[in-house]
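When we follow this note's numbering, the leftmost residue of the sequence shown carries the number 57, and every step to the right adds one. No residue lacks a Cβ here, since even glycine has one placed at the ideal position from N, Cα and C. First comes the structure, then the notes that go with it.
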Amino acid sequence: MFSQRKVAQMTAFLLDRGRGRMNCLKLMKLLYLADRESLKRHGEPISGDRYVSMDHGPVLSQTLNLINGAVELEEEGWGHWIADRADNDVSLRRKVSRNSLDELSNAELSVLEAIYAKFGKWNKWKLRDYTHRYCPEWKDPKGSSLPIEIIDIFKALGRSPAEARKLAGRIEHDRKIDRLFAAL
């Protein structure tokens with residue numbers, strides 16, 4: 057389910073709204089909040105990434121590796137859209153248009169737009185504090201990292217335990233199928 061191209065386009069959309077450049081911590085919080093909002097609205101994330109609790113809040117694990125340059129880049133993936141990290145910021149490499157964001161559905165763009173409208177003017181520290189306070193699935197890892205399970209996000213969003221289990225199970229099932237096809 058994780059797609060480097062899709063995460064790059066999510067990032068490009070947010071960077072475009074932020075005048076082409078953004079602090080990495082702020083970007084990571086916006087991406088996490090977008091995935092969380094998509095889980096709330098549609099029962100599935102946009103990025104397909106795995107989530108972890110880190111000292112400064114929840115993080116999209118593979119996306120953080122992309123930001124840090126620790127992953128081989130795919131054609132038309134991260135490096136196509138996003139310039140190398142510099143001074144804790146990332147920036148756009150190219151112009152963004154609706155047609156160029158072909159990995160993102162209108163519903164996903166609506167989520168990203170809503171998240172940017174609500175949080176885009178906030179600084180990285182205010183966003184970090186918000187995720188610490190209002191994302192109870194985040195647990196303080198005390199200098200390390202802890203996985204965040206999708207079922208815990210659904211529960212934090214107010215889903216019943218049974219519904220959270222069912223929705224998380226469907227996402228995990230889809231991830232297993234994706235891994236099987238990737239191994240072929």
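>> On the DSSP bridge list, what partners appear for Val115?
In response: Position 59 of the sequence shown, counted from the first residue, corresponds to residue 115. According to DSSP, residue pairing for Val115 in a beta bridge involves Val108.
> So Met66 is in the alpha helix (DSSP H); what residue range does that whole segment cover?
Replying inline: Along the sequence shown, one-based indexing puts residue 66 at 10. Start and end: 60-73.
>> At the level of alpha carbons, what is the spacing between Trp134 and Leu168?
In response: Numbered from its first residue, the sequence shown carries residue 134 at position 78. Numbered from its first residue, the sequence shown carries residue 168 at position 112. In a straight line, the C-alpha of Trp134 is about 18 angstroms away from that of Leu168.
>> Relative to the C-alpha of Leu86, which candidate in Arg97, Ala218, Ser156, Phe69 has its C-alpha closest?
In response: The count along the sequence shown starts at 1 and reaches residue 86 at position 30. Nearest of Arg97, Ala218, Ser156, Phe69 to Leu86, Cα basis: Phe69.
> Asn235: buried (16+ other C-beta within 10 angstroms of its C-beta) or exposed?
Replying inline: For the purposes of this step, residue 235 is taken as residue 179 along the sequence shown, with counting starting at 1. At residue 235 the sequence reads Arg, which differs from the Asn that was named. Counting Cβ neighbours within 10 Å, Arg235 comes out exposed, since fewer than 16 surround it.
> Expressed to the nearest angstrom, what Euclidean distance is found between the alpha-carbon atoms of Lys232 and Val115?
Replying inline: Numbered from its first residue, the sequence shown carries residue 232 at position 176. Numbered from its first residue, the sequence shown carries residue 115 at position 59. Looking at the two C-alpha atoms, the distance is approximately 22 angstroms.
> In this structure, does DSSP put Val167 in helix, strand or coil?
Replying inline: Position 111 of the sequence shown, counting from 1, holds the residue named residue 167. Helix.
> So which of Leu81, Glu100, Arg154, Phe58 has the shortest CA-CA distance to Ile207?
Replying inline: Mapped onto the sequence shown, residue 207 falls at position 151. Minimum Cα distance to Ile207 is reached at Glu100.
> Using the beta-carbon count (16 or more within 10 Å), is Leu183 buried or exposed?
Replying inline: Position 127 of the sequence shown holds residue 183. Buried.
> According to DSSP, which residues form a beta bridge with Ala142?
Replying inline: As a working mapping, residue 142 is identified with position 86 in the sequence shown. In the DSSP output, where bridge partners are listed per residue, Ala142 has Asp145.
> Looking only at C-alpha atoms, which of His229, Asp158, Ile123 sits nearest to Lys82?
Replying inline: Reading the sequence shown from its first residue, position 26 is the one you call residue 82. Closest by alpha carbon: Ile123.
>> Comparing C-alpha positions only, which one of Glu159, Lys62, Asp158, Leu95 sits nearest to Ile227?
In response: For the purposes of this step, residue 227 is identified with residue 171 of the sequence shown, where counting begins at 1. The option with the nearest alpha carbon to Ile227 is Leu95.
>> If contact is defined by three or more beta carbon pairs under 8 angstroms, each pair taking one atom from either stretch, is the segment 173-190 in contact with the segment 102-109?
In response: no
>> Are the CB atoms of Asp91 and Ile102 within a distance shorter than 8 angstroms?
In response: To locate residue 102, count along the sequence shown from 1; it is residue 46. To locate residue 91, count along the sequence shown from 1; it is residue 35. Cβ atoms of Ile102 and Asp91: closer than 8 angstroms.
> What residues match up with Asn79 in a beta bridge as DSSP calls it?
Replying inline: Within the sequence shown, numbered from 1, the residue matching residue 79 stands at position 23. Among the bridge pairs identified by DSSP, Asn79 is matched with Asp145.
>> Suppose you measure from the CA of Ala142 to the CA of Met78; what does that come to, to the nearest Å?
In response: For this step, residue 142 is matched to residue 86 along the sequence shown. For this step, residue 78 is matched to residue 22 along the sequence shown. Rounded to the nearest angstrom, the two C-alpha atoms are 10 angstroms apart.
> With a CB to CB cut of under 7 angstroms and the five nearest residues on each side skipped, what residues in its chain are close to Leu213?
Replying inline: One-based indexing of the sequence shown puts residue 213 at position 157. Taken in chain order, the residues that qualify are Leu95, Lys96.
>> Suppose you measure from the CA of Ala170 to the CA of Arg149; what does that come to, to the nearest Å?
In response: For the purposes of this step, residue 170 is taken as residue 114 along the sequence shown, with counting starting at 1. For the purposes of this step, residue 149 is taken as residue 93 along the sequence shown, with counting starting at 1. Answer to the nearest angstrom: the Cα atoms are 24 angstroms apart.
>> Please classify Phe237 as buried or exposed, where buried requires at least 16 other C-beta atoms within 10 Å of its C-beta.
In response: Reading the sequence shown from its first residue, position 181 is the one you call residue 237. That one is exposed.
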